[in-house]
Amino acid sequence: EDKVVQSPLSLVVHEGDTVTLNCSYEVTNFRSLLWYKQEKKAPTFLFMLTSSGIEKKSGRLSSILDKKELFSILNITATQTGDSAIYLCAVDVGGTSYGKLTFGQGTILTVHP
Amino acid sequence: DGGITQSPKYLFRKEGQNVTLSCEQNLNHDAMYWYRQDPGQGLRLIYYSQIVNDFQKGDIAEGYSVSREKKESFPLTVTSAQKNPTAFYLCASRDTPNQPQHFGDGTRLSIL
Numbered sequence: 002e003d004k005v006v007q008s009p010l011s012l013v014v015h016e017g018d019t020v021t022l023n024c025s026y027e028v029t030n031f032r033s034l035l036w037y038k039q040e041k042k043a044p045t046f047l048f049m050l051t052s053s054g055i056e057k058k059s060g061r062l063s064s065i066l067d068k069k070e071l072f073s074i075l076n077i078t079a080t081q082t083g084d085s086a087i088y089l090c091a092v093d094v095g096g097t098s099y100g101k102l103t104f105g106q107g108t109i110l111t112v113h114p
Numbered sequence: 284d285g286g287i288t289q290s291p292k293y294l295f296r297k298e299g300q301n302v303t304l305s306c307e308q309n310l311n312h313d314a315m316y317w318y319r320q321d322p323g324q325g326l327r328l329i330y331y332s333q334i335v336n337d338f339q340k341g342d343i344a345e346g347y348s349v350s351r352e353k354k355e356s357f358p359l360t361v362t363s364a365q366k367n368p369t370a371f372y373l374c375a376s377r378d379t380p381n382q383p384q385h386f387g388d389g390t391r392l393s394i395l
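So the sequence lines, in the order shown, correspond to chains G and A. In terms of my numbering, the first sequence opens at residue 2 and continues consecutively. In terms of my numbering, the second sequence opens at residue 284 and continues consecutively.
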């Protein structure tokens with residue numbers, strides 16, 4: 002059975018702090034790992050990672066994948082209150098078809114002013 | 284504007300009633316997905332479809348049904364056999380197997 006585990010499940014920080022969110026996985030037929038941010042409604046796409054050791058960056062957010070140890074981290078530097086959200090990690094188990102995503106439980110991040 | 288539209292935003296179901304959630308996309312995507320989100324449990328896959336007139340069960344398909352008669356539409360019916368339907372339902376689509384899934388704004392279903 003495919004499994005994705007995120008930690009911590011919740012995190013409370015103050016503005017300006019740096020946070021690291023973790024995602025480990027055990028799946029068959031790995032194609033990619035994705036990070037999403039969910040505020041009130043639709044999850045919005047952050048990163049897609051397919052290769053080990055290559056960091057992806059977008060502003061204050063960055064992410065990296067380790068396919069040997071089967072995990073990924075999402076870093077957020079200089080956090081702001083607008084970063085408060087649920088951060089979802091998902092693994093695409095695809096093969097040759099469109100495939101499907103297996104999600105972790107999510108990490109609830111709260112940033113206080 | 285291109286996107287995924289889910290309706291209604293809120294829905295209430297009575298005991299023994301079937302209800303249908305709508306998902307429409309104008310992105311010309313082949314693949315569409317339905318997920319259920321409960322507090323503290325992330326998203327779980329209900330059904331998905333890779334092409335018109337074809338769909339596959341996900342991890343929690345019992346008590347749900349779908350159809351895919353048109354490329355742009357993938358409605359989900361929550362049947363009376365689903366004993367715990369209260370949840371947030373999200374529809375997604377993707378363009379190609381190497382692109383990320385994109386989500387609609389969701390439908391929140393509650394029991395009356």
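For glycine and all other residues, C-beta sits at the position ideal for the given N, C-alpha and C. As the structure is a prediction and not an experimental result, all values here were calculated from the model.
When the options are compared against residue i, the one with the closest alpha-carbon
i                      : options                    : result
residue 307 of chain A : A:341, A:346, A:351, A:363 : A:351
residue 394 of chain A : A:363, A:382, A:383, A:379 : A:363
residue 30 of chain G  : G:107, G:93, G:19          : G:93
residue 53 of chain G  : G:11, G:69, G:82           : G:69
residue 77 of chain G  : G:40, G:20, G:36, G:15     : G:20
residue 48 of chain G  : G:41, G:42, G:36, G:16     : G:36
residue 51 of chain G  : G:18, G:16, G:91           : G:91
residue 392 of chain A : A:320, A:314, A:288        : A:320
residue 389 of chain A : G:40, G:22, G:55, G:66     : G:40
residue 66 of chain G  : G:80, G:105, G:23          : G:23
residue 32 of chain G  : G:59, G:46, G:101          : G:101
residue 106 of chain G : A:322, A:337, A:298        : A:322
residue 337 of chain A : A:343, A:315, A:344        : A:315
Beta-carbon gap between residue i and residue j smaller than 8 Å
i                      : j                      : result
residue 98 of chain G  : residue 384 of chain A : no
residue 310 of chain A : residue 318 of chain A : no
residue 62 of chain G  : residue 75 of chain G  : yes
residue 103 of chain G : residue 28 of chain G  : yes
residue 356 of chain A : residue 312 of chain A : no
residue 288 of chain A : residue 359 of chain A : no
residue 6 of chain G   : residue 25 of chain G  : yes
residue 346 of chain A : residue 331 of chain A : no
Local Cβ density within 10 Å of residue i, reported as buried at 16 or more and exposed below that
i                      : result
residue 34 of chain G  : buried
residue 369 of chain A : exposed
residue 83 of chain G  : exposed
residue 17 of chain G  : exposed
residue 9 of chain G   : exposed
residue 64 of chain G  : buried
residue 80 of chain G  : buried
residue 324 of chain A : exposed
residue 73 of chain G  : buried
residue 329 of chain A : buried
residue 299 of chain A : exposed
Worksheet entry | Sufficient close CB pairs (3 or more, under 8 Å) joining the segment 288–303 of chain A to the segment 104–114 of chain G | No, the segment 288–303 of chain A does not touch the segment 104–114 of chain G.
Item to complete: Could you name the residues of the segment 380–393 of chain A whose beta carbon sits closer than 9 Å to any beta carbon of chain B, in the order they occur along the chain?
Response: Absence of chain B from the displayed structure is noted, the protein chains being G and A.
Worksheet item: Where in the segment 310–369 of chain A do unbroken runs of the beta strand (DSSP E), each at least 3 residues long, occur, reported from the N-terminal end onward?
Response: If only complete runs of 3 or more residues are kept, the segment 310–369 of chain A shows the beta strand (DSSP E) at 314–320, 326–334, 337–340, 347–349, 359–361, in order along the chain.
Item to complete: Report the residue ranges of all beta strand (DSSP E) runs contained in full by the segment 49–86 of chain G; include only those spanning at least 3 residues, in chain order.
Response: As far as the segment 49–86 of chain G is concerned, its whole beta strand (DSSP E) runs of at least 3 residues are 57–59, 62–67, 72–77.
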